[in-house]
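Enquirer: Just so you know, the sequences run in chain order D and Z. Under the numbering used here, the first residue of the first sequence carries the number 37, and numbering increases by one thereafter. Under the numbering used here, the first residue of the second sequence carries the number 15, and numbering increases by one thereafter. Backbone N, C-alpha and C fix where the C-beta goes; we use that ideal spot for every residue, glycine too.
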Amino acid sequence: MAYVAVKGGERAIDAAHDWLARVRRGAPTVPEIKTDQIAEQLGRAVDRVMAEGSCYDRDLGALAVKQAQGDLIEAAFLLRAYRTTLPRFASSLPVETSAMLIHRRISAIYKDLPGGQVLGPTYDYTHRLLDFALAAEADSGVAPAAPLPPAEPDQTPPAVTPRVLDMLHAEGLMGAEPQSDATPGDITREPMSFPAERDIRLQALARGDEGFLLALGYSTQRGYGNSHPFVGELRMGDVSVEIEPPELGFAIDIGRITLTECEMVNQFGGSKTEPPQFTRGYGLCFGHGERKAMGMALVDRAMRAEELGEDATAPAQDIEFVLYHSDNIEATGFVEHLKLPHYVDFQSELETIREIRRTSQNSTDAAGEPL
Amino acid sequence: MSRRLDEFWVTMLTQDFLNRRRTWMATLARADRSAIEAQLSAEPALPDHTRLRGPEAGLVMVRGRMGGSGAPFNLGEMTVTRCTIRNARGQIGHAYIAGRDGQKAELAAALDAALQDPEDGAGLEARVIAPLAEALVQADNTIRAEAEATRVDFFTLATMRS
Numbered sequence: 037m038a039y040v041a042v043k044g045g046e047r048a049i050d051a052a053h054d055w056l057a058r059v060r061r062g063a064p065t066v067p068e069i070k071t072d073q074i075a076e077q078l079g080r081a082v083d084r085v086m087a088e089g090s091c092y093d094r095d096l097g098a099l100a101v102k103q104a105q106g107d108l109i110e111a112a113f114l115l116r117a118y119r120t121t122l123p124r125f126a127s128s129l130p131v132e133t134s135a136m137l138i139h140r141r142i143s144a145i146y147k148d149l150p151g152g153q154v155l156g157p158t159y160d161y162t163h164r165l166l167d168f169a170l171a172a173e174a175d176s177g178v179a180p181a182a183p184l185p186p187a188e189p190d191q192t193p194p195a196v197t198p199r200v201l202d203m204l205h206a207e208g209l210m211g212a213e214p215q216s217d218a219t220p221g222d223i224t225r226e227p228m229s230f231p232a233e234r235d236i237r238l239q240a241l242a243r244g245d246e247g248f249l250l251a252l253g254y255s256t257q258r259g260y261g262n263s264h265p266f267v268g269e270l271r272m273g274d275v276s277v278e279i280e281p282p283e284l285g286f287a288i289d290i291g292r293i294t295l296t297e298c299e300m301v302n303q304f305g306g307s308k309t310e311p312p313q314f315t316r317g318y319g320l321c322f323g324h325g326e327r328k329a330m331g332m333a334l335v336d337r338a339m340r341a342e343e344l345g346e347d348a349t350a351p352a353q354d355i356e357f358v359l360y361h362s363d364n365i366e367a368t369g370f371v372e373h374l375k376l377p378h379y380v381d382f383q384s385e386l387e388t389i390r391e392i393r394r395t396s397q398n399s400t401d402a403a404g405e406p407l
Numbered sequence: 015m016s017r018r019l020d021e022f023w024v025t026m027l028t029q030d031f032l033n034r035r036r037t038w039m040a041t042l043a044r045a046d047r048s049a050i051e052a053q054l055s056a057e058p059a060l061p062d063h064t065r066l067r068g069p070e071a072g073l074v075m076v077r078g079r080m081g082g083s084g085a086p087f088n089l090g091e092m093t094v095t096r097c098t099i100r101n102a103r104g105q106i107g108h109a110y111i112a113g114r115d116g117q118k119a120e121l122a123a124a125l126d127a128a129l130q131d132p133e134d135g136a137g138l139e140a141r142v143i144a145p146l147a148e149a150l151v152q153a154d155n156t157i158r159a160e161a162e163a164t165r166v167d168f169f170t171l172a173t174m175r176s
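#1: Can you find a CB in chain Z that lies within less than 8 Å of the CB of Pro311 of chain D?
#2: Closest to Asp222 of chain D by CA distance: which of D:Glu233, D:Leu122 and D:Gly285 is it?
#3: Below 8 Å between beta carbons: does that hold for Leu66 of chain Z and Arg100 of chain Z?
#4: Between Cys91 of chain D and chain Z, is any beta-carbon pair separated by less than 8 Å?
#5: Identify, in the order they occur along the chain, each residue of the same chain with its Cβ nearer than 6 Å to the Cβ of Thr64 of chain Z, setting aside the five sequence neighbours on each side.
#6: Kindly say whether Arg165 of chain Z, judged by its beta-carbon, lies nearer than 8 Å to any beta-carbon of chain D.
#7: For the segment 132–149 of chain D, list every residue whose C-beta sits within 7 Å of some C-beta in chain C, in sequence order.
#8: Which bits of chain D does Ala71 of chain Z rub up against, with CB to CB less than 7 Å?
#9: Taking the continuous alpha helix (DSSP H) assigned at Pro145 of chain Z, which residues delimit it?
#10: Who are the Cβ neighbours of Leu121 of chain Z in its own chain at under 7 Å, not counting the five residues just before and after it?
#11: At what residues does the alpha helix (DSSP H) containing Ser255 of chain D begin and finish?
#12: Can you round the beta-carbon distance between Leu146 of chain Z and Gln53 of chain Z to whole angstroms, since I take them to be within the 8 Å contact cut?
#13: Using a Cβ-Cβ distance under 8 Å, would Phe87 of chain Z count as near chain D?
#14: Starting from Ser127 of chain D, follow its DSSP beta bridges and name the residues at the other end.
#15: Mark Asp167 of chain Z as exposed unless 16 or more other C-beta atoms lie within 10 angstroms of its C-beta, in which case mark it buried.
#16: Let's see if you can read the secondary structure: which residues bound the beta strand (DSSP E) around Thr197 of chain D?
#17: Beta carbon of Glu385 of chain D, beta carbon of Met80 of chain Z: below 8 Å?
#18: Would you please state the rounded distance, in angstroms, between the beta carbons of Ala329 of chain D and Cys298 of chain D? I believe it to be under 8 Å.
#19: Can you tell me which of the three DSSP states Asn101 of chain Z falls into?
#20: Helix, strand or coil: which one does DSSP assign to Thr296 of chain D?
#21: Could you give the distance in angstroms between the alpha-carbon of Ser362 of chain D and the alpha-carbon of Asp107 of chain D?
#22: So within the segment 339–369 of chain D, which uninterrupted alpha helix (DSSP H) runs reach at least 4 residues, ignoring any that extend past its ends?
#23: Give the DSSP-derived three-state secondary structure of Ser229 of chain D in the structure shown.
#24: Pull the bridge partners of Ser276 of chain D from the DSSP assignment, please.
Following this line, the structure appears as structure tokens:
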């Protein structure tokens, strides 16, 4: 039954929002947090909000985190709502992640690889012990970066870091990525329809909920759509975004964004037309979000089951199920709307139940037997 | 023959100019507004200009490629501010920069126009753009050095299966 609107309650709502503002501010004795502090010191929260809000802007992400008191789904919601107020100027040329300024780049399948393994700023290999030094009042005394080694003359850094999966592809052991320059579908302009092609699936996953993708990816590892994945490559760093404005007629670099990219390597038994080989699952997201990119890559591969002639039986392989439930803004809207007054809807349910019971009572005798 | 040679040089010079313009536009997009203003503080004021469009904030849909190298898909949007101006010398300047800093977009557009000036442009490029570009290269090198320090060599032990 459709939602029936209610009126009234303005005074209470205003008072509730006033109190919310005071609760958000917290004890006045504690200094108010500034958005630049959030952008700098809670960067991973901002990354997640930008990814799920599907809008890259660190300042707005930080503001949304502050306004939502750190509720990251609420913050992503705020960012999504904001983006609807802006016109779209252009679509970018596809970003070249092979030309990324690498902060982190690892492979779990090759020990030695061209370009090497760079751990970057990672929580991997930490002991996960609470660091009480961070709770101390004084500056936590982080060591400054080591001084730069003297620049070697004529040594320009390589512009491109080769892809690990290209090594497998060169050997003929990895399925090729179909090449095309067709304009990709856009779920922000056209409602999803099924069967959804991979461009649509990747767009939905890129803005999908990290927890949902993590759980679904995990389910494929545990046997629900067994994919036996390896991290072929995981990289995080900065890429330039280029657009080609019609008034200029040539491509210009409009600035850099941080991206995380994951390429999973999965076994594929082969089919009548394809020899046994490896296949890819691909994850790409705004900011530093390895869990997100990995979950996305696992689910992307799982959703390719049908295309590769595999049985699609597990939840992660069900394209319609995944795409209709990956967006946490839509999910939270529909789940949380249940909190709003449903008095009229419920009244009708009540009357229906009472009527059914009255009818069934009337048609039974005192001993409960049907007449 | 000589006409063809002329056309060749015109094309080459145009290409060179285009590359330079792309470089300064990229540099202005990435540099902080405060850094640009600092470089301009010792310069004579830029020619007066009128706004033709903006500065206005909007979005660019960022595209990626499937598997990093395949067909494109829409990754998500980013905020962008654009501005177009005409300065007192009649030059038109454009700017598209990531983020929502309208003042920076207008400044970048004013510089884009001034840098196209056949007389003053090259000097302005050397004094304003070159140091900004150099600072950005240094910032990249700092990242590279930090990354280099975390380069890792893993050793593989004999497998338990063998």
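Expert: In short, the structure shows the following:
#1: Chain Z contact via Cβ: absent.
#2: Checked all of D:Glu233, D:Leu122 and D:Gly285; the closest Cα to Asp222 of chain D is D:Glu233.
#3: Yes, these two residues count as a Cβ contact at 8 Å.
#4: Yes, because at least one Cβ of chain Z sits closer than 8 Å to the Cβ of Cys91 of chain D.
#5: Counting only Cβ-Cβ distances below 6 Å, and skipping sequence neighbours, we find Arg100.
#6: Answer yes: the Cβ-Cβ gap between Arg165 of chain Z and chain D drops below 8 Å somewhere.
#7: In the structure shown, chain C cannot be found, because the protein chains are D and Z.
#8: Under the 7 Å cutoff, chain D gives Leu122.
#9: From DSSP, the alpha helix (DSSP H) with Pro145 of chain Z extends over Ala144 to Ala163.
#10: Contacts found: Arg47 and Ile50.
#11: Where Ser255 of chain D is concerned, the enclosing alpha helix (DSSP H) stretches over Glu246 to Gln257.
#12: About 6 Å separates the beta carbons of Leu146 of chain Z and Gln53 of chain Z, which is inside the 8 Å limit, making them a contact pair.
#13: Output row for Phe87 of chain Z: interface = yes.
#14: Bridge partners of Ser127 of chain D: Z:Met75.
#15: Counting every other CB atom within 10 Å of its CB across the protein chains shown gives Asp167 of chain Z a total below 16, marking it as exposed.
#16: Annotation for Thr197 of chain D: no beta strand (DSSP E) segment contains it, and DSSP assigns it neither H nor E.
#17: It is not a contact, given that the beta carbons lie outside the stated cut-off.
#18: Right, their Cβ atoms sit about 4 Å apart.
#19: Strand.
#20: In this structure, DSSP gives Thr296 of chain D an extended state, which the three-state scheme calls strand.
#21: Answer to the nearest angstrom: the Cα atoms are 18 Å apart.
#22: Correct list: 355–361.
#23: DSSP, read as helix, strand or coil, puts Ser229 of chain D in coil.
#24: Beta-bridge pairing links Ser276 of chain D to D:Arg292.
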